[in-house]
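Data block below; observations after.
2 protein chains.
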Amino acid sequence: MAELRKDPVLGRWVIIATERVRRPADFRAPRVPGRPGPCALCAGHEHETPPEVLAYRDPPGGPANGPGWRVRVVPNKFPALRIEHDLERRGHGLYDLMTGVGAHEVVIESPDHDQRLGDLPLAAIEDVLRAYRDRTLDLQRDARFRSIVIFKRHGTRRGPYTGHPTSEILAAPILPLVLGEELHQARTYHDFRERCLFCDILQQEDEERARVVAAGPHVLAFAPFAARVAFETWILPRRHGAAFEAASPEEHQDLARVLRTVLRKLDRSLADPPFQLLVHSAPVGEGDSPSYHWHVEILPQLGWAARVEAVSGLPSNPMPPEDAARFLRDMPD
Amino acid sequence: MAELRKDPVLGRWVIIATERVRRPADFRAPRVPGRPGPCALCAGHEHETPPEVLAYRDPPGGPANGPGWRVRVVPNKFPALRIEHDLERRGHGLYDLMTGVGAHEVVIESPDHDQRLGDLPLAAIEDVLRAYRDRTLDLQRDARFRSIVIFKRHGTRRGPYTGHPTSEILAAPILPLVLGEELHQARTYHDFRERCLFCDILQQEDEERARVVAAGPHVLAFAPFAARVAFETWILPRRHGAAFEAASPEEHQDLARVLRTVLRKLDRSLADPPFQLLVHSAPVGEGDSPSYHWHVEILPQLGWAARVEAVSGLPSNPMPPEDAARFLRDMPD
Chain Y
9 MAELRKDPVL GRWVIIATER VRRPADFRAP RVPGRPGPCA LCAGHEHETP PEVLAYRDPP
69 GGPANGPGWR VRVVPNKFPA LRIEHDLERR GHGLYDLMTG VGAHEVVIES PDHDQRLGDL
129 PLAAIEDVLR AYRDRTLDLQ RDARFRSIVI FKRHGTRRGP YTGHPTSEIL AAPILPLVLG
189 EELHQARTYH DFRERCLFCD ILQQEDEERA RVVAAGPHVL AFAPFAARVA FETWILPRRH
249 GAAFEAASPE EHQDLARVLR TVLRKLDRSL ADPPFQLLVH SAPVGEGDSP SYHWHVEILP
309 QLGWAARVEA VSGLPSNPMP PEDAARFLRD MPD
Chain F
9 MAELRKDPVL GRWVIIATER VRRPADFRAP RVPGRPGPCA LCAGHEHETP PEVLAYRDPP
69 GGPANGPGWR VRVVPNKFPA LRIEHDLERR GHGLYDLMTG VGAHEVVIES PDHDQRLGDL
129 PLAAIEDVLR AYRDRTLDLQ RDARFRSIVI FKRHGTRRGP YTGHPTSEIL AAPILPLVLG
189 EELHQARTYH DFRERCLFCD ILQQEDEERA RVVAAGPHVL AFAPFAARVA FETWILPRRH
249 GAAFEAASPE EHQDLARVLR TVLRKLDRSL ADPPFQLLVH SAPVGEGDSP SYHWHVEILP
309 QLGWAARVEA VSGLPSNPMP PEDAARFLRD MPD
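Protein chains in written order, with my numbering: chain Y, 9 to 341; chain F, 9 to 341.
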């Protein structure tokens with residue numbers, strides 16, 4: 009008998025199959041390998057990318073666009089949005105449009121082509137998160153942008169992709185639909201209860217333990233109650249805060265440690281699964297929101313039963329989050 | 009320079025690339041072939057499916073679950089939701105859940121394994137739409153259901169799939185998120201303007217012509233202004249009506265004709281592309297809504313630039329809908 013569970017953050021119901029217990033091996037899928045290196049993102053190929061907008065070097069202060077960097081951020085060569093141009097809004101009959109102003113940057117997570125984020129040393133993952141923060145703080149100064157979206161795609165079930173470990177940052181004058189929905193639901197909950205929805209979720213997950221994947225002093229990783237896909241995992245800071253970039257250094261360090269743990273557990277459980285990672289953070293200028301709460305969502309892309317959701321809009325998850333969390337908890341990292 | 013266009017129906021912004029004109033051939037992709045027939049859905053294999061819930065036979069009145077049918081509807085063998093059980097709602101801490109009650113049916117569009125919906129004779133496509141309507145009217149009598157979702161997936165970029173031409177019907181005690189969003193936006197527009205949003209869209213598209221793909225006396229097919237994917241096409245009835253199943257026989261006939269035209273144009277332009285089709289219709293009991301307007305959305309699955317959207321929630325479409333519509337308009341069907 010399936011169960012319908014409501015995602016309190018998106019206000020959306022999810023079909024959770026509970027009929028038979030599946031094991032992680034049921035979800036393993038052949039994966040398209042990345043292109044072999046070296047590529048334009050590798051150390052020594054700095055001249056093949058647009059000039060960097062940020063880099064952390066050893067020793068600090070080395071010349072830009074040369075080797076010696078640990079993490080490097082460059083503009084996307086084929087950006088979805090462009091930084092030049094003014095932001096202009098206009099109508100077209102009943103329709104609304106604006107110029108495609110934005111920034112689209114690539115965070116090169118390692119100089120080494122064959123590294124994966126979860127395999128990097130802890131200090132390197134901290135560097136990646138610091139790059140997310142530093143670029144967000146810089147891009148936020150541009151009054152044209154409403155949201156700075158940080159996301160990562162690891163692997164793919166259809167090729168080709170470069171194979172070099174990267175994240176992306178998209179600054180845009182608009183809100184992604186999912187963030188708008190979350191903000192709305194969180195505000196509604198806060199109006200009703202005078203508490204933060206995510207703080208309440210955190211407390212229930214921490215007490216109940218059934219869906220906890222990994223815990224740190226500052227953040228908690230768990231499978232959400234209405235997980236949309238098998239092995240979906242969220243990481244929430246314990247302290248209320250709406251903006252990722254405003255978290256404390258201790259919170260970012262703990263996030264790095266728990267993120268590494270989660271990625272390594274997913275890797276061992278599912279044999280290097282493709283996954284998406286999205287940092288959910290308040291829109292520009294709403295970092296003080298009492299109702300929103302930044303967090304990180306990791307969605308493995310296992311391709312199982314995604315069919316019904318993709319077409320009908322009704323997500324259907326074959327793996328109860330309690331089972332997924334138990335598998336991941338018990339898996340060494 | 010890309011353009012940001014707002015989808016007035018979902019209230020969501022879409023990035024539309026306008027930098028260089030692409031041709032349909034740029035979007036053609038290798039497709040996973042369906043399994044060869046015969047399969048359990050073929051004529052003569054009726055005993056391999058669950059007993060039918062509807063069939064149209066020549067001559068009418070032949071015995072159930074035998075051959076001689078033109079269109080046949082059977083329960084899904086592996087349903088996402090099940091019809092048995094009462095609908096029970098309960099809480100779990102701050103979470104909400106209910107029993108996974110629902111119906112999940114398969115519309116077998118042809119007895120012939122190797123047919124495709126767009127290649128069927130017009131009368132056969134009318135039969136398929138009639139089956140959608142007849143099953144919806146029957147399922148709506150079940151007071152547990154809030155929505156009857158009709159969708160179709162043709163082909164895939166990753167296998168395997170049966171290859172037999174089918175649609176699916178999902179009856180559920182919940183609304184798909186996308187339908188909830190549409191209802192909300194349409195109601196807001198109606199509150200403001202005292203007119204139906206979709207009626208206004210229809211009038212603008214009919215006058216402007218730039219995005220029209222095919223027109224009939226009762227329905228209009230066009231590329232939506234803020235198309236999320238290349239060659240996205242909507243078919244709207246000209247007369248206001250919230251519920252698909254309440255359309256007139258003339259409207260359903262014209263829908264069959266224009267749907268056939270659109271599918272054949274897509275087939276010729278894109279070499280039998282995978283696509284999704286979703287019937288957008290009012291929830292059960294809201295068929296009289298002055299603000300909602302039933303329609304059909306066809307989304308080719310071309311896998312091009314879907315990457316940014318899938319992760320960040322910002323849809324990015326490489327093909328301006330005006331160009332897509334012109335290509336399709338000019339293509340013989």
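Even for Gly, the Cβ is constructed at its ideal location relative to N, Cα and C.
Just so we're clear, the structure is a prediction, and the values are computed from it rather than from any experiment.
Item: DSSP three-state assignment for Y/Ala-25, whether helix, strand or coil; Value: coil
Item: Residue-level contact to chain Y via CB, F/Asp-208, 8 Å cutoff; Value: yes
Item: Selection from Y/Ala-25, Y/Pro-41, Y/Arg-20, Y/Met-9 that minimises the alpha carbon distance to Y/Ala-279; Value: Y/Pro-41
Item: Best match in Y/Asp-338, Y/Ala-132, Y/Gly-171 for proximity to Y/Asp-122 [C-alpha to C-alpha]; Value: Y/Gly-171
Item: Y/Lys-85 classed as buried or exposed, judged by whether at least 16 other C-beta atoms fall within 10 angstroms; Value: exposed
Item: Stretch pair the region 260-267 of chain F + the region 126-139 of chain F: three plus CB contacts closer than 8 Å; Value: yes
Item: Cutoff 6 Å; reference Y/Glu-56; Cβ partners in own chain excluding five residues on either side; Value: Ala-48
Item: DSSP-derived helix/strand/coil call for Y/Asp-104; Value: strand
Item: Segment contact flag, the region 150-162 of chain F with the region 285-296 of chain F, C-beta cutoff 8 Å, min 3 pairs; Value: yes
Item: Counted within 10 angstroms of its Cβ, other Cβ atoms place F/Thr-196 as buried (16 or more) or exposed; Value: exposed
Item: Residue from F/Gly-69, F/Met-9, F/Thr-107, F/Arg-236 with nearest C-alpha to Y/Ala-25; Value: F/Thr-107
Item: Supposed contact pair Y/Thr-241 and Y/Val-221 - C-beta distance, whole angstroms, cut 8 Å; Value: 6 Å
Item: Other residues of its chain near F/Ser-297: CB distance less than 6 Å, five sequence neighbours each side excluded; Value: Ala-250, Ala-290
Item: Cross-strand partners of Y/Arg-161 (DSSP beta bridge); Value: Y/Gln-284
Item: Any chain Y beta carbon closer than 8 Å to F/Ala-180; Value: yes
Item: Chain F residues whose Cβ lies nearer than 9 Å to that of Y/Arg-13; Value: His-100, Tyr-103, Asp-104, Leu-105, Met-106
Item: First and last residue of the uninterrupted beta strand (DSSP E) at Y/Ile-352; Value: Missing from the structure shown is residue 352 of chain Y; chain Y here goes from 9 to 341 and no further.
Item: Contact test: F/Thr-241 Cβ vs the ligand GDP heavy atom, cutoff 7 Å; Value: The ligand GDP is not part of this structure, which contains no ligands at all.
Item: F/Leu-310 classed as buried or exposed, judged by whether at least 16 other C-beta atoms fall within 10 angstroms; Value: buried
Item: Neighbour flag for F/Met-339 against chain Y, beta carbons, 8 Å; Value: no
Item: Minimum C-alpha distance to F/Trp-302 - residue among F/Arg-124, F/Leu-271, F/Gly-19, F/Leu-210; Value: F/Leu-210
Item: Distance CB(F/Asp-66)-CB(F/Arg-78) smaller than 8 Å; Value: yes
Item: Closer than 7 Å at the beta carbon, the chain Y residues around F/Pro-58; Value: Near F/Pro-58 there are no residues of chain Y at all, since even the closest Cβ is about 17 Å away, more than 7 Å.
Item: For F/Val-61, the nearest candidate out of F/Pro-129, F/Leu-147, F/Ala-333 (CA to CA); Value: F/Leu-147
Item: Residue span of the beta strand (DSSP E) that contains F/Ser-175, given as start and end; Value: 174-180
Item: Residue-chain proximity (F/Arg-268, chain Y), Cβ-Cβ < 8 Å; Value: no
Item: Coil, strand or helix - Y/Ile-156 by DSSP; Value: strand
Item: Below-8 Å beta-carbon distance, F/Pro-16 vs any chain Y residue; Value: yes
Item: Enclosing alpha helix (DSSP H) for F/Leu-191 [first to last residue]; Value: 185-201
Item: Segment contact flag, the region 264-276 of chain Y with the region 114-128 of chain Y, C-beta cutoff 8 Å, min 3 pairs; Value: yes
Item: Y/Tyr-140, enclosing alpha helix (DSSP H) - first and last residue; Value: 130-147
Item: Residue-level contact to chain Y via CB, F/Leu-49, 8 Å cutoff; Value: no
Item: Under 8 Å by beta carbon: chain Y residues contacting F/Leu-322; Value: Ala-88, Val-157, Leu-178, Ala-180, Ile-182, Pro-184
Item: Neighbour-count burial assignment, F/Arg-217, 16 or more Cβ in a 10 Å radius; Value: exposed
Item: is_contact[Y/Gln-212, chain F] using C-beta, thresh 8 Å; Value: yes
Item: Which of helix, strand or coil DSSP assigns to F/Ser-324; Value: strand
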